[in-house]
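Heads up, the sequence shown is in this note's numbering, so the first residue is 142 and it goes up one at a time. Okay, structure first, notes after.
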Amino acid sequence: MKYLVVYYSHTGNNRFIAEKLAQDISADIQELVPRVKNFLLLIFSSLLHISFGNKKLSTSVADYDAVVLCGPIWMGQLIAPLRDFIKKYRNQFKKLYFLTCCGGGEAEKDGTFGCMGVFRKVEQTAGSAFVEAHAISLSLIPTENQNANPETMMGIRLTEQYFTGTFKDYYMQFKNKLRN
Ligand SMILES: Cc1cc2nc3c(=O)[nH]c(=O)nc-3n(C[C@H](O)[C@H](O)[C@H](O)COP(=O)(O)O)c2cc1C
Numbered sequence: 142m143k144y145l146v147v148y149y150s151h152t153g154n155n156r157f158i159a160e161k162l163a164q165d166i167s168a169d170i171q172e173l174v175p176r177v178k179n180f181l182l183l184i185f186s187s188l189l190h191i192s193f194g195n196k197k198l199s200t201s202v203a204d205y206d207a208v209v210l211c212g213p214i215w216m217g218q219l220i221a222p223l224r225d226f227i228k229k230y231r232n233q234f235k236k237l238y239f240l241t242c243c244g245g246g247e248a249e250k251d252g253t254f255g256c257m258g259v260f261r262k263v264e265q266t267a268g269s270a271f272v273e274a275h276a277i278s279l280s281l282i283p284t285e286n287q288n289a290n291p292e293t294m295m296g297i298r299l300t301e302q303y304f305t306g307t308f309k310d311y312y313m314q315f316k317n318k319l320r321n
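See below:
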């Protein structure tokens with residue numbers, strides 16, 4: 142299988158996961174660079190479903206057996222850079238997987254800000270090429286203060302130090318599915 146990992150990351154967490162995955166499965170990797178860089182504009186364009194698009198990729202999506210799209214969730218949305226990528230290439234995917242390193246965990250997954258709504262949007266947007274979606278939540282990372290509030294948890298910037306335990310197990314579950 143020839144894999145392409147495509148990612149968008151604002152604060153580096155999804156870049157960390159995407160780079161690790163690309164290395165582990167010997168995939169090519171491409172960063173999505175939105176045409177608009179302003180963070181607030183990206184949030185608004187995600188919420189209001191306005192498209193500014195991304196810069197052109199330097200590789201051809203159609204050349205790959207499978208694409209793994211990796212990026213964050215904001216305000217319970219399939220964020221604009223990810224949505225724009227899926228829309229643009231939906232007819233070229235053979236298989237599309239979605240992977241997110243997000244803030245919300247199992248308890249929140251079906252709520253307004255949870256991953257399940259985003260997964261449904263990915264599936265609707267990608268159509269028949271969609272295979273599956275997987276979330277690795279920052280809430281799986283044990284913090285020094287176990288009562289840390291959600292803001293503290295969302296402030297985590299992934300490094301090798303955090304890539305252990307249950308958090309790593311969730312990553313491995315996804316990675317192993319790709320190899321089977
Ligand atoms: C403005 C904002 C809104 C967010 N909203 C959500 C959310 O609705 N659900 C969630 O699970 N995580 C949410 N998060 C957490 C991010 O998904 C998480 O921090 C992610 O790892 C950031 O990825 P990045 O470092 O690749 O940009 C939000 C983060 C920000 C900054």
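Yeah, the Cβ is synthetic: ideal placement off N, Cα and C, and Gly gets one too. All figures in this text were calculated on a predicted structure; none of them were measured in a lab.
In this model, glutamate 292 and serine 280 are separated by some 11 Å (Cα to Cα). For the set Gly296, Ala274, Phe308, Ile282, the Cα lying nearest the Cα of lysine 318 is the one of Ala274. With fewer than 16 other Cβ atoms inside 10 Å of its own Cβ, asparagine 232 counts as exposed. If you look at alanine 267, you'll find it in the alpha helix (DSSP H) that goes 256-267. Of the candidates Thr284, Ser269, Ile297, Phe315, the residue whose Cα lies closest to the Cα of alanine 276 is Phe315. One Cα belongs to tyrosine 312, the other to glycine 246, and the distance between them is close to 14 Å. Contact between the stretch 234-248 and the stretch 163-180 is absent, with fewer than three C-beta pairs closer than 8 Å.
At a threshold of 7 Å, leucine 279 counts as near ligand 1, since its beta carbon sits closer than that to one of the ligand's heavy atoms. Residues Gly217 of the same chain have their beta carbon placed closer than 7 Å to that of glycine 258, with the five preceding and five following residues left out of the count. Assignment of beta-bridge partners to isoleucine 170 by DSSP yields Val146. Sorting Lys250, Ile220, Thr253, Ile158 by C-alpha distance to the C-alpha of asparagine 195 places Ile220 at the top. In the three-state DSSP reduction, asparagine 195 falls in the strand class (E or B).
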